[in-house]
Amino acid sequence: MQILVLGSAQDAGVPQIGCDCLICSSARKNPKQKLFGPSIAILDKEKQYCYLIDASPDIKDQLELIKDILPKVKTQEKIPITGIFLTHAHFGHISGLWMLGKECIDAQDITVFCSSKMSDFLVNNHPFSHMIKRRNLNLSKMKINHKYPIEDFWITSFQVPHRNEYADTVGYIIEQNKKLLYLPDLDYWTDDLIKLVESVDIALIDGTFYSKDELPGRSDVPHPPIKETMELLDPTKTEIYFTHFNHTNLILSKEGKERKELQEKGFKIAADGLKINI
Ligand SMILES: [Zn+2]
Ligand SMILES: [Zn+2]
Ligand SMILES: [Zn+2]
131 MQILVLGSAQ
141 DAGVPQIGCD
151 CLICSSARKN
161 PKQKLFGPSI
171 AILDKEKQYC
181 YLIDASPDIK
191 DQLELIKDIL
201 PKVKTQEKIP
211 ITGIFLTHAH
221 FGHISGLWML
231 GKECIDAQDI
241 TVFCSSKMSD
251 FLVNNHPFSH
261 MIKRRNLNLS
271 KMKINHKYPI
281 EDFWITSFQV
291 PHRNEYADTV
301 GYIIEQNKKL
311 LYLPDLDYWT
321 DDLIKLVESV
331 DIALIDGTFY
341 SKDELPGRSD
351 VPHPPIKETM
361 ELLDPTKTEI
371 YFTHFNHTNL
381 ILSKEGKERK
391 ELQEKGFKIA
401 ADGLKINI
């Protein structure tokens with residue numbers, strides 16, 4: 131079974147709308163430098179299944195990446211999605227669901243796995259409420275910290291401290307031959323979360339900002355910067371990839387010293403299209 135990184139950018143993607151910073155301008159000129167919104171796929175070529183974690187605003191381009199690998203994926207629709215697990219209600223993680231509605235592909239019974247609070251949010255808010263009534267989406271509530279068997283793998287959600295204006299936030303551990311943890315958004319590290327990262331083989335974690343100085347005039351950077359996270363985690367215990375990059379993140383500059391320093395410390399940088407076998 132394989133994990134495919136469908137998008138390694140923060141919710142807004144790279145380039146970001148209306149931004150002409152060096153990274154965004156360069157990505158506009160060179161589409162290979164574009165990064166899609168945050169999402170991964172859990173897929174198996176032989177068994178022809180494909181589950182997404184989160185539905186980003188770039189979902190329609192991201193599905194092209196999957197189609198190349200899984201031409202005959204097991205699905206009742208024209209799209210290669212067997213089901214979708216959601217982390218939280220922020221824009222970049224759920225807005226792609228809209229593409230499954232009546233105005234777009236009008237999908238039938240795509241199972242959406244999420245927490246109970248997230249399920250309440252979707253049931254009570256347009257356009258998701260409408261999509262549930264039309265059975266574009268079929269909700270399946272997951273208990274936090276409960277290990278569920280799906281196809282031939284296991285998946286467990288865990289609670290994450292993050293701005294929870296609408297529902298709650300979870301990360302996921304996917305387990306087959308190896309354990310992989312996916313944690314794209316968090317506000318700060320706790321001892322329990324650090325232990326959890328140390329307990330898995332591979333982790334894809336919040337790397338939104340490189341340092342706190344990245345957003346001029348803002349002291350309330352709402353994610354732990356990579357610089358500080360590197361002090362807390364040990365890349366010899368767990369293979370650690372940073373993901374969910376904001377367009378301002380210095381590691382996106384291929385020539386920058388930050389990218390080199392991170393790699394010298396033993397950490398890795400996720401990228402759109404990255405495949406990890408577990
Ligand atoms: Zn996010
Ligand atoms: Zn920019
Ligand atoms: Zn978020």
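Residue numbering for the sequence shown follows our numbering, beginning at 131 and increasing consecutively.
Where a beta carbon is used, it is the ideal one built from N, C-alpha and C, also for glycine.
These figures come from a predicted structure and were not determined experimentally.
Considering only C-alpha positions, which residue in the set 152, 179, 145 is nearest to residue 165?
145
When we look at the beta-carbon of residue 213 and count the other beta-carbons within 10 Å, is it buried (16 or more) or exposed?
buried
Return yes when at least one heavy atom of ligand 4 lies under 7 Å from the C-beta of residue 377, else no.
Ligand 4 is absent from the structure shown, which contains only ligand 1, ligand 2 and ligand 3.
For residue 192, count the other beta carbons within 10 Å of its own beta carbon; 16 or more makes it buried, fewer makes it exposed. Which is it?
buried
Give me the residue from 344, 313, 405, 377 with the minimum Cα distance to residue 147.
377
Which residues in the same chain have their Cβ closer than 7 Å to the Cβ of residue 156, if we skip the five residues on either side of it in sequence?
163
Is the beta carbon of residue 342 closer than 8 Å to that of residue 408?
no
Only counting runs of 3 or more residues, tell me where the beta strand (DSSP E) segments fall wholly within the stretch 270-308, in order along the chain.
As for any beta strand (DSSP E) of minimum length 3 sitting wholly inside the stretch 270-308, the runs are 277-280, 283-289, 300-305, ordered along the chain.
To the nearest angstrom, report how far apart residue 362 and residue 233 are at their CA atoms.
46 Å
If you draw a straight line from the alpha carbon of residue 328 to that of residue 173, how long is it in whole angstroms?
Cα-Cα distance, rounded: 24 Å.
Taking 7 Å as the cut-off, is the CB of residue 222 close to at least one heavy atom of ligand 1?
Relative to ligand 1, residue 222 has its C-beta within less than 7 Å of a heavy atom.
Grouping DSSP H, G and I as helix and E and B as strand, with all else coil, what is residue 209?
coil
What does DSSP give as the partner residues of residue 369 in its beta bridges?
332
For residue 401, which residues does DSSP report across the bridge?
Residue 401 is not bridged to any residue.
Give the list of continuous alpha helix (DSSP H) stretches no shorter than 4 residues that lie fully inside the stretch 351-395.
356-362, 387-394
Name, in chain order, the residues that DSSP records as bridge partners for residue 214.
182, 242
In the DSSP output, which residue or residues are listed as bridge partners for residue 313?
335
Would you list the residues sitting across from residue 173 in a DSSP beta bridge?
132, 180
Determine the burial state of residue 305: buried for a count of at least 16 other Cβ atoms within 10 Å of its Cβ, exposed for fewer.
It is buried - the Cβ of residue 305 has at least 16 other Cβ atoms within 10 Å.
What residue does the alpha helix (DSSP H) around residue 261 start on, and which one ends it?
Start and end: 258-263.
Do you know how far the Cα of residue 397 is from the Cα of residue 372?
8 Å
Report the residue from 339, 326, 196 whose alpha carbon sits nearest the alpha carbon of residue 352.
339
Whole angstroms is fine: what's the gap from residue 197's alpha carbon to residue 347's?
43 Å
Any heavy atom of ligand 1 closer than 7 Å to the Cβ of residue 140?
yes
Residues bridged to residue 267 by DSSP?
240
Measuring only from the beta carbon, is residue 172 closer than 7 Å to any heavy atom that is part of ligand 2?
No.
Going by the beta-carbon positions, is the gap between residue 256 and residue 315 smaller than 8 Å?
It is not a contact, given that the beta carbons lie outside the stated cut-off.
Per DSSP, residue 407 forms a beta bridge with which residues?
BP columns for residue 407 point to 132.
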